[in-house]
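A.B. asks: In the order they appear, the protein sequences are chains A and B.
Numbered according to the numbering used here, the first sequence spans residues 10 to 138.
Numbered according to the numbering used here, the second sequence spans residues 270 to 419.
Glycine included, C-beta positions come from ideal geometry on N, C-alpha and C.
Would you mind keeping the following structure in view while I ask a few things?
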Amino acid sequence: MANIAKRQTRGEVATAEPVRTVTYSPRVDVLETADELVLYADLPGVRPEDLDLRFENSELTIHAKVAPRGPEGEFVLREYGIGDFYRTFTISEDIDADKISAELKQGVLVLHLPKREKAKPKRITVKAE
Amino acid sequence: MPRTRWEPFAELWREMENFRREMDRLFERWGFESFGWPELGLGYPAVNIWEDESNVYAEAELPGMNLEDLEIYVTGRNQLTIKGERKAPQVEKGTWLRQERPFGAFHRIITLPVDVDADKVEARLQHGVLTITMPKCAECRPKKIPVRAE
Numbered sequence: 010m011a012n013i014a015k016r017q018t019r020g021e022v023a024t025a026e027p028v029r030t031v032t033y034s035p036r037v038d039v040l041e042t043a044d045e046l047v048l049y050a051d052l053p054g055v056r057p058e059d060l061d062l063r064f065e066n067s068e069l070t071i072h073a074k075v076a077p078r079g080p081e082g083e084f085v086l087r088e089y090g091i092g093d094f095y096r097t098f099t100i101s102e103d104i105d106a107d108k109i110s111a112e113l114k115q116g117v118l119v120l121h122l123p124k125r126e127k128a129k130p131k132r133i134t135v136k137a138e
Numbered sequence: 270m271p272r273t274r275w276e277p278f279a280e281l282w283r284e285m286e287n288f289r290r291e292m293d294r295l296f297e298r299w300g301f302e303s304f305g306w307p308e309l310g311l312g313y314p315a316v317n318i319w320e321d322e323s324n325v326y327a328e329a330e331l332p333g334m335n336l337e338d339l340e341i342y343v344t345g346r347n348q349l350t351i352k353g354e355r356k357a358p359q360v361e362k363g364t365w366l367r368q369e370r371p372f373g374a375f376h377r378i379i380t381l382p383v384d385v386d387a388d389k390v391e392a393r394l395q396h397g398v399l400t401i402t403m404p405k406c407a408e409c410r411p412k413k414i415p416v417r418a419e
C-alpha cells in the first residue's frame with residue numbers, strides 16, 4: 010500500500026513518502042533576460058503570508074508553510090503528498106537585492122531578480138573609419 | 270486499524286482499484302494517449318480522494334489555473350472528469366535556464382468509490398488547489414440501524 014502511494018506521486022511536486030512533516034521541493038522555471046532573472050515556482054496551497062523568501066550572499070531561499078489538507082483518517086486514493094515547500098538556489102548573476110520583487114497568485118510565485126547595472130551586457134558601438 | 274463500518278471487501282477493492290489506476294497511469298503516460306508535447310495526457314493532475322459519511326472529496330494541485338479554464342463533471346454517477354489546459358507564461362524575449370513546470374492540455378477520468386449526485390457537485394479553486402465536493406447519492410450513504418433496548 011505504502012509502495013503504491015509512493016510510486017503514484019510520480020514526482021508531481023512530491024519527492025518523498027507523504028508524511029505531514031515532509032518537505033517538498035517546488036518545481037520552477039527560470040528565465041533570463043538582459044535585465045533580470047525571472048523565477049516561476051509552483052507553490053499550490055501557499056498563501057502570501059505563509060511564504061518566506063530570502064536572498065543572502067547570492068543564495069535565494071524559498072520556504073513556504075503548507076497547512077495539512079484532506080481527511081483525518083484514510084485516503085481512498087492518494088497520489089501526492091502535502092507538506093511545506095523548501096528550495097535554495099545559488100545565483101551567479103550580480104543581483105540588485107533591493108529591487109527584487111515577488112508576487113504570488115493562484116499558487117504560482119513570480120520572482121523578479123533585476124541584474125545590477127554593471128552586470129548588464131553593454132553594446133559596443135563599432136565606428137567605421 | 271479500527272473500522273466502524275462493516276466492509277469486508279473494501280480493502281481488497283481499494284487495492285485492486287489502486288492497482289488498476291496505477292496501470293492506467295502507466296499506460297497513459299507511456300502509451301498511445303499522451304504522445305507528443307505539450308499534451309499532459311490522462312495522468313495529470315495527480316488526485317487525492319477521500320470520503321466521509323455524506324460526501325466524496327477529490328483534490329488536485331493546479332497552480333496558476335482559474336476555474337474558467339477547467340471543465341469538471343460527473344457522468345454515469347461515478348465517473349469524475351477533470352479537463353483543462355495549463356498555459357505556459359508568454360514571454361517575448363529571454364532564455365529559459367530551467368523548465369520544470371508542466372504545461373499543456375489534460376483530461377483525467379477517475380472512478381469514484383461510490384455513486385454521487387452529479388447535479389450537486391461543487392468545485393472550489395483556492396491558491397492553486399482544486400477541491401471537488403460530491404454528495405453521495407441518498408441510497409449510498411451508510412444507514413444507521415436503530416437498536417432498541419427491551
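Would you tell me roughly how many angstroms separate the C-alpha atoms of B/F372 and A/V135, rounded to the nearest one?
C.D. replies: Cα to Cα, the separation comes out at about 43 Å.
A.B. asks: I'd like to check one pair, B/I401 with B/A315: are the Cβ atoms closer than 9 Å?
C.D. replies: Not closer than 9 Å, so no.
A.B. asks: Between the region 47-58 of chain A and chain B, which residues of the former have CB atoms less than 7 Å from a CB of the latter, in chain order?
C.D. replies: Answer in chain order: Y49, D51, L52, P53, G54, V55 and R56.
A.B. asks: On the DSSP bridge assignment, give the partners of B/W319 in chain order.
C.D. replies: In DSSP, B/W319 forms a bridge with B/Y326.
A.B. asks: So who's on the other strand from A/D8, going by DSSP bridges?
C.D. replies: The question about residue 8 of chain A has no answer here: the residues shown for chain A are numbered 10 through 138.
A.B. asks: Can you tell me whether DSSP reads B/P404 as helix, strand or coil?
C.D. replies: Of the three classes helix, strand and coil, the one that applies to B/P404 here is strand, per DSSP.
A.B. asks: What does B/Q368 reach in chain A if we use C-beta pairs closer than 7 Å?
C.D. replies: D38, listed in chain order.
A.B. asks: Would you verify that the beta carbon of A/Y95 is, or is not, closer than 9 Å to some beta carbon of chain B?
C.D. replies: Closer than 9 Å: no.
A.B. asks: Rounded to whole angstroms, what's the CA-CA distance from A/P111 to A/D44? Just pull it up for me.
C.D. replies: Strictly speaking, residue 111 of chain A in this sequence is Ala, with Pro absent from that position. Each residue's alpha carbon lies about 16 Å from the other.
A.B. asks: With 7 Å as the C-beta to C-beta threshold (strictly closer), list the residues of the region 88-115 of chain A near chain B in chain order.
C.D. replies: For the region 88-115 of chain A, which is checked against every Cβ of chain B, the residues closer than 7 Å are E88, Y89 and Q115.
A.B. asks: From A/G116, A/E102, A/Q115 and A/L113, pick the residue whose C-alpha is nearest to that of A/P130; which is it?
C.D. replies: Checked all of A/G116, A/E102, A/Q115 and A/L113; the closest Cα to A/P130 is A/E102.
A.B. asks: Determine the chain D residues that contact B/W365 at a beta-carbon separation under 9 Å, and present them in chain order.
C.D. replies: You won't find chain D in this structure, because its protein chains are A and B.
A.B. asks: In terms of DSSP beta bridges, what is B/P358 paired with?
C.D. replies: According to DSSP, which records beta bridges pairwise, B/P358 is partnered with nothing at all.
A.B. asks: Whole angstroms are fine: how far does the CA of A/L118 sit from the CA of B/R370?
C.D. replies: Cα to Cα, B/R370 sits roughly 12 Å from A/L118.
A.B. asks: Are the Cβ atoms of A/L69 and A/T42 separated by less than 9 Å?
C.D. replies: Taking 9 Å as the Cβ cut-off, A/L69 and A/T42 do not qualify as a contacting pair.
A.B. asks: Using a Cβ cut-off of 8 Å, pull out every chain A residue sitting near B/G345, in sequence order please.
C.D. replies: Result: empty, since nearest Cβ-Cβ is about 18 Å, beyond 8 Å.
A.B. asks: With 9 Å set as the bound, which would you pick, yes or no: does the beta-carbon of B/I318 sit closer than that to a beta-carbon of chain A?
C.D. replies: It does: the Cβ of B/I318 has a partner Cβ on chain A nearer than 9 Å.
A.B. asks: Give a yes or no on whether the minimum CB-CB distance between A/L86 and chain B is below 9 Å.
C.D. replies: Yes, contact with chain B.
A.B. asks: Name the DSSP bridge partner or partners of B/W365?
C.D. replies: Bridge partners of B/W365: A/L40.
A.B. asks: How would you call A/N50, buried or exposed, if buried means at least 16 neighbouring beta carbons within 10 angstroms?
C.D. replies: First, the amino acid is wrong: residue 50 of chain A is Ala here, not Asn. The residue is buried, with at least 16 neighbouring Cβ atoms inside 10 Å.
A.B. asks: Measuring only the C-alpha atoms, how far is A/V39 from A/L120?
C.D. replies: When rounded, the distance between both Cα atoms is 9 Å.
A.B. asks: Using only the alpha-carbon positions, how far apart do B/P411 and B/E322 sit?
C.D. replies: Distance between the alpha carbons of B/P411 and B/E322: 7 Å.
A.B. asks: Name the chain A residues that come within less than 8 Å of B/V416, Cβ to Cβ?
C.D. replies: Going along chain A, no residue has its Cβ under 8 Å from B/V416, so there is no contact; the nearest lies around 24 Å.
A.B. asks: Which residue comes first and which comes last in the beta strand (DSSP E) that contains B/T344?
C.D. replies: Counting along the chain, the beta strand (DSSP E) containing B/T344 begins and ends at L339 to T344.
A.B. asks: State yes or no: is the beta carbon of A/V31 nearer than 9 Å to at least one beta carbon in chain B?
C.D. replies: Not an interface residue.
A.B. asks: Residues in the same chain with beta-carbon distance under 6 Å from A/R132, minus the five sequence neighbours each way, listed in chain order, please.
C.D. replies: Counting only Cβ-Cβ distances below 6 Å, and skipping sequence neighbours, we find nothing.
A.B. asks: Return yes when the Cβ of B/V385 is within less than 9 Å of the Cβ of B/C406, no when it is not.
C.D. replies: Result yes, Cβ atoms of B/C406 and B/V385 sit closer than 9 Å.
A.B. asks: May I ask which residues mark the beginning and end of the beta strand (DSSP E) holding B/R393?
C.D. replies: It spans E391 to Q395 - the beta strand (DSSP E) in which B/R393 sits, taken as one unbroken run.
A.B. asks: B/D388: which of B/Y342, B/V325, B/I351 and B/K356 sits nearest, CA to CA?
C.D. replies: Of the candidates B/Y342, B/V325, B/I351 and B/K356, the one whose C-alpha sits nearest the C-alpha of B/D388 is B/Y342.
A.B. asks: Would you say A/E68 faces chain B, with C-beta separation under 9 Å as the test?
C.D. replies: It does not: the Cβ of A/E68 has no partner Cβ on chain B nearer than 9 Å.
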